[in-house]
Each structure stands twice: as C-alpha cells, then as structure tokens.
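Working notes, beginning with the structure itself.
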Amino acid sequence: MLRVGMLTSGGDCQALNAAMRGVFKCVTLNSKEPVEFYGFEDGYKGLMRGRFRLLTEEDFSNILTVGGTILGTSRVPFKTIHDPDENGNNKVAAMKQTYYKLQLNCLVVLGGNGSTKTANLLSEEGLNVITLPKTIDNDLWGTDMTFGFQSAVDIATRCIDEIHTTANSHGRVFIVEIMGHKTGWLTLNAGIAGGADIILLPEIPYDLKNVVDVIEKRDAAGKRFTIIACAEGAISKVDAKLSKKEYRKKLGNYEFPSVSYELADQITKETGREVRVTVPGHTQRGGTPDAYDRVFASRLGAEAGMLVLKQEYGCMIGYKNREMVKVPLKDVAGKLKTIDPKAKIIKETRLIGVSFGD
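Basically this note's numbering = 1-based index in the sequence shown + 4.
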C-alpha cells in the first residue's frame with residue numbers, strides 16, 4: 005500500500021486544486037500498488053493536530069477550474085515553528101507523530117517560501133517530502149515560475165485596465181496598490197500589461213521628486229491622468245536609508261494604511277493634484293485559475309506524482325528554461341527570488357517610457 009499525505013500551506017491562490025488533482029491522478033493512474041491519499045486540513049495545522057480525511061477520486065472531480073483549496077490552508081510562521089503550540093506541544097514532534105501514525109510513504113506540500121522552509125525542516129527530520137511552488141508573488145528561488153502568479157497578474161492587470169477610463173474622465177492620478185511585500189514580480193508584470201506610467205517596486209527605491217516630475221511632464225503634454233502601479237512593499241529612497249529597526253518603528257507608528265496612501269498624500273501636497281488609491285487586495289488571490297495556471301499546475305502535479313512513484317524525496321518541482329526540474333529543498337529554503345534592477349525586463353520597460361521613480 006502506498007500512502008501519500010498532501011497539504012496546502014500559507015496564503016491561498018489559484019490552481020491549488022489543479023495541482024493537487026495532478027498529483028492524485030498521476031499517482032493513482034500509474035501506481036502498481038493500491039494507493040491511499042490523506043488530505044490534511046488547514047495546512048501544517050492539520051498535520052500537527054491530526055486533522056485529515058481520506059481523499060477519493062470524487063474529491064478531485066470538477067476542481068480543475070475551482071480557485072482556493074479544497075483542503076483549506078493557514079499560516080504557521082517558520083520563525084515560530086520551534087515554539088510550543090497553544091497547548092504546549094512541540095509542533096515539529098506533533099507533525100512527525102501524525103506522519104508516522106498514518107504510516108505515510110511521503111508528504112506532498114503545496115506552498116511558498118515559509119512553507120518550503122518548514123518542508124525542508126521536516127525533510128531534515130527524516131520525513132519524505134516533496135513540494136510544489138505556490139505563490140502569486142513568484143518569489144520562490146529555484147523556479148522561473150510559480151503557479152497562481154499568472155492568474156494574479158491577470159486580475160491585477162484588469163484592475164489597472166479599468167482604472168484608465170475613470171482616471172481619464174476625472175483627470176486624476178491613480179495609485180493601484182498591488183500585492184508583494186518583498187518582491188515586485190506581480191506589480192512589474194501587471195504594470196507593464198496594464199500600461200501604467202510609473203511602476204514602484206521593493207527592489208528599486210523611488211524618489212518622490214522623480215515621481216512628481218513624471219506627473220507634471222504628463223500634465224504639460226496634455227495627458228489628463230497618470231497611473232502608478234505600486235507594490236505593497238515599495239519603498240522610498242529616504243526610507244531605504246533607514247535601518248530595519250528604524251523602518252519597523254516607522255511602520256509601527258504609521259498614520260497611513262499603506263505606502264500607497266502616504267505617496268498619495270505627498271503627491272497632493274507637491275502638485276495639488278487629486279489622487280486616488282485603489283487596492284484590489286485579496287481579489288488577486290481569488291477566483292478561477294486562468295488557462296496558463298491550469299496547464300502549469302497540472303504539469304507540476306504530474307511531475308510531483310512521478311517523484312512519489314520513484315521514491316525521490318527532499319526536493320521541489322521547479323520550472324527552469326521551459327522545463328520541469330527537480331530542485332533540492334535545502335537549496336530552496338530560505339532563499340528569495342527578487343528582481344535585479346539591472347535585469348533586461350527592467351531595461352526594456354524603461355525603453356517604452358515607463359518610470360520606476362528612481
């Protein structure tokens with residue numbers, strides 16, 4: 005009997021169900037022995053607390069196009085993984101106990117950076133673990149693409165698209181705040197696709213004066229509006245000079261909901277222009293996966309399924325140079341894939357007249 009555990013961890017995104025479906029179908033259709041799949045509810049919490057259910061073919065019927073996750077998910081921060089849970093139990097020991105109690109042959113984890121760190125820890129503790137790269141931020145090291153990213157880009161792009169008409173009608177500056185605290189992949193791609201005039205990223209600190217200059221030049225050229233795609237984690241050159249402690253202190257005493265609102269206030273004071281902030285928020289993680297993510301997640305799931313059958317563990321299925329690759333978890337955990345300010349995509353975006361505020 006082949007026993008496989010599966011869980012989704014961290015923030016949800018589109019195509020989680022498609023990826024799990026790919027794993028399940030690959031393993032059950034190609035295994036030479038009977039298979040049992042155990043789905044853990046709400047991510048690592050389910051593994052800790054022994055909350056699981058036996059998954060059948062019926063669970064994976066008609067879920068290719070369904071967003072979210074049929075198993076539920078939650079965040080268990082890696083930085084607190086060695087702290088006792090609310091009942092005083094050792095979290096890692098509890099997860100191992102559930103794994104061994106069910107006599108699992110392996111555990112398949114669908115998650116982002118923090119989830120992969122925990123998966124690597126469990127692998128180092130002797131559990132057989134395989135992960136799939138899930139995050140709308142596309143910031144996992146070791147893979148060119150993560151599933152959920154393209155669907156989120158589509159949603160953020162539609163938001164920018166629909167802002168154009170109202171921005172033009174009222175002659176306003178609009179800031180569209182796009183998800184991404186540490187990396188700007190989502191903002192960069194949606195900003196380009198949506199025709200933003202200014203794109204502000206965590207990796208490229210901006211100068212308020214330069215942002216204002218772009219707005220004033222557009223005004224002088226007869227442009228009625230300016231659209232700024234701003235990542236949640238965008239940072240000014242002034243704030244970038246602060247130490248981490250000083251910046252955290254500033255955020256702790258922040259009078260604005262986010263950097264976008266602070267920027268809007270500053271632009272109004274500098275130009276007298278009317279500025280509006282639009283925050284698509286969690287809509288970027290919701291809804292049905294687009295065609296790309298359905299295909300991509302299905303392929304990742306199939307590759308993960310083959311690793312289960314081959315008994316090859318301790319790795320993540322990644323995507324490099326248009327091919328699926330096996331990446332050791334120890335090489336992925338704790339690493340963030342950020343945008344190089346000198347990357348070709350940045351240079352190409354500048355060539356078409358987009359400003360990064362720097």
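A virtual CB, placed ideally from N, CA and C, is assigned to each residue, including glycine.
Test item: CB-CB of residue i and residue j under 7 Å
i       : j       : result
Gly-175 : Phe-260 : no
Ser-127 : Leu-304 : no
Glu-207 : Gly-184 : no
Val-312 : Val-31  : yes
Ile-182 : Ala-225 : no
Arg-289 : Ile-140 : yes
Thr-12  : Thr-73  : yes
Val-133 : Tyr-317 : yes
Asn-142 : Ala-337 : no
Asn-138 : Gly-115 : Reading the sequence as shown, one finds Lys at residue 138 and not Asn. Cβ distance < 7 Å, so Lys-138 and Gly-115 count as in contact.
Val-180 : Glu-274 : no
Val-242 : Ser-264 : no
Leu-190 : Ala-238 : no
Thr-120 : Leu-51  : no
Gly-195 : Ala-171 : no
Gly-199 : Thr-161 : no
Thr-272 : Val-283 : no
Gly-361 : Ile-202 : yes
Contact belief for residue i with residue j at Cβ below 8 Å, rounded distance in angstroms
i       : j       : result
Leu-6   : Phe-28  : About 12 Å; that fails the 8 Å criterion.
Met-320 : Gly-146 : 6 Å
Lys-227 : Leu-340 : Between Leu-340 and Lys-227 the Cβ distance is about 36 Å, and since that is not below 8 Å, they are no contact.
Where residue i falls: helix, strand or coil (DSSP)
i       : result
Met-149 : coil
Tyr-258 : coil
Gly-198 : coil
Phe-229 : coil
Phe-360 : coil
Gly-108 : For the sequence presented, residue 108 should be read as Leu rather than Gly. In the structure shown, Leu-108 sits in coil (DSSP, three-state: anything other than H, G, I, E or B).
Met-320 : strand
Ala-337 : coil
Glu-327 : strand
Val-113 : strand
Gly-26  : helix
Cys-17  : coil
Ala-235 : strand
Glu-129 : coil
Val-177 : strand
Thr-135 : strand
Ile-167 : helix
Ile-203 : strand
Leu-68  : coil
Ile-182 : strand
Ile-85  : coil
Ile-343 : coil
Ile-446 : The structure shown does not extend to residue 446, since the chain spans only 5 to 362, so no value can be given for it.
Close Cβ partners of residue i (< 6 Å) along its chain, the five nearest in sequence each way excluded
i       : result
Asp-297 : Gln-18, Ala-19, Phe-151, Gln-154, Ser-155
Val-329 : Gly-322
Arg-277 : Val-177
Gln-270 : Leu-212
Ser-364 : Since the first residue of the chain shown is 5 and the last is 362, residue 364 is not available in this structure.
Cβ neighbours of residue i in the same chain (closer than 8 Å, five flanking residues each side left out)
i       : result
Asn-325 : Asp-148
Gly-291 : Gln-18, Gly-71, Ser-155, Ile-159
Asp-344 : Glu-207, Ile-350
Ser-35  : Leu-6, Leu-313
Ala-106 : It should be noted that the sequence gives Leu, not Ala, for residue 106. So the list reads Arg-7, Gly-9, Tyr-42, Phe-56, once near-sequence residues are dropped.
Boundaries of the alpha helix (DSSP H) in which residue i is found, first to last residue
i       : result
Tyr-265 : 263-275
Ile-74  : First-last for Ile-74: undefined, no H or E at that position.
Leu-300 : For the record, residue 300 in the displayed sequence is Phe; it is not Leu. It spans 295-314 - the alpha helix (DSSP H) in which Phe-300 sits, taken as one unbroken run.
Ile-219 : 212-224
Gly-50  : 48-53
Span of the beta strand (DSSP E), counted from its first residue to its last, around residue i
i       : result
Leu-6   : 6-12
Glu-352 : Note, Glu-352: premise wrong, no beta strand (DSSP E); alpha helix (DSSP H) at 348-355.
Thr-282 : 279-282
Leu-59  : 56-59
Tyr-42  : 39-44
Val-242 : No beta strand (DSSP E) holds Val-242; the alpha helix (DSSP H) holding it covers 241-244.
7 Å CB neighbourhood of residue i in its chain, flanking five on each side removed
i       : result
Ala-244 : Pro-209
Leu-75  : Leu-11, Thr-12, Gly-43, Phe-44, Glu-45
Asn-193 : Val-157
Ser-262 : Glu-181, Glu-236
Lys-314 : none
Lys-100 : Glu-129, Leu-131
Thr-77  : Thr-12, Ser-13, Gly-14, Asp-16, Asp-46, Gly-47
Thr-287 : Ile-159
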